[in-house]
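Engineer: Quick one: the structure is below, and I'll ask about it shortly.
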Amino acid sequence: MSPVPGPNAGRPGAVAITYDKSDTAPRVVAKGYGTMAETIIRTAKENGLYVHESPELVGLLMQVDLDQHIPPQLYQAIAELLAWLYKLEGESFKQP
Numbered sequence: 005m006s007p008v009p010g011p012n013a014g015r016p017g018a019v020a021i022t023y024d025k026s027d028t029a030p031r032v033v034a035k036g037y038g039t040m041a042e043t044i045i046r047t048a049k050e051n052g053l054y055v056h057e058s059p060e061l062v063g064l065l066m067q068v069d070l071d072q073h074i075p076p077q078l079y080q081a082i083a084e085l086l087a088w089l090y091k092l093e094g095e096s097f098k099q100p
């Protein structure tokens with residue numbers, strides 16, 4: 005969980021995004037503070053998903069409505085994160 009700047013400063017926050025190659029951009033599929041953030045993180049980990057901590061990115065993604073695409077201003081940051089995750093997943097598949 006990442007503490008988020010702004011009115012919810014000090015409250016842990018989490019945002020879940022998904023990306024489908026047929027979609028135009030990644031979408032925000034869950035977000036919340038406190039207990040909701042804990043649930044998002046726990047669910048992600050239980051499903052074998054990577055949890056990345058970045059208070060700044062969480063703060064920006066919190067401004068995106070649920071089920072909406074991320075704004076173009078965040079494409080570069082999200083693309084770099086996704087590329088790193090795809091590389092990480094590829095390396096884990098190579099291990100016996």
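Be aware that the sequence shown starts at 5, since it is given in this note's numbering, and climbs by one per residue.
Glycine included, every Cβ here is placed at the ideal spot set by N, Cα and C.
As the structure is a computational prediction, the values presented were derived from the model and not from experiment.
#1: Would you tell me roughly how many angstroms separate the C-alpha atoms of Q77 and V62, rounded to the nearest one?
#2: For A83 and A29, I'd like the C-alpha separation in whole angstroms.
#3: For P100, is the classification buried or exposed, using 16 other Cβ atoms within 10 angstroms of its Cβ as the cut-off for buried?
#4: Does the beta-carbon of G38 have 16 or more other beta-carbons within 10 angstroms, so that it is buried, or is it exposed?
#5: Out of curiosity, what's the CA-to-CA distance linking P16 and T43?
#6: Look at the Cβ atom of M66, then the Cβ atom of V33, and state whether they are nearer than 8 Å.
#7: Distance check for R46 and L86, CA to CA, integer angstroms please.
#8: Whose C-alpha, out of H73, W88 and L89, is nearest the C-alpha of S26?
#9: Among residues of its own chain, excluding the 5 on either side of H56, which ones have a beta-carbon nearer than 7 Å to its beta-carbon?
#10: Tell me V19's beta-bridge partners as DSSP assigns them.
Structural biologist: By the coordinates alone:
#1: 14 Å
#2: 10 Å
#3: Note that P100 has pLDDT 45, beneath the 50 cutoff, so the model's placement of it is unreliable and the number below is only indicative. By the 10 Å Cβ count, P100 comes out exposed.
#4: exposed
#5: 11 Å
#6: no
#7: 20 Å
#8: H73
#9: L85
#10: K35
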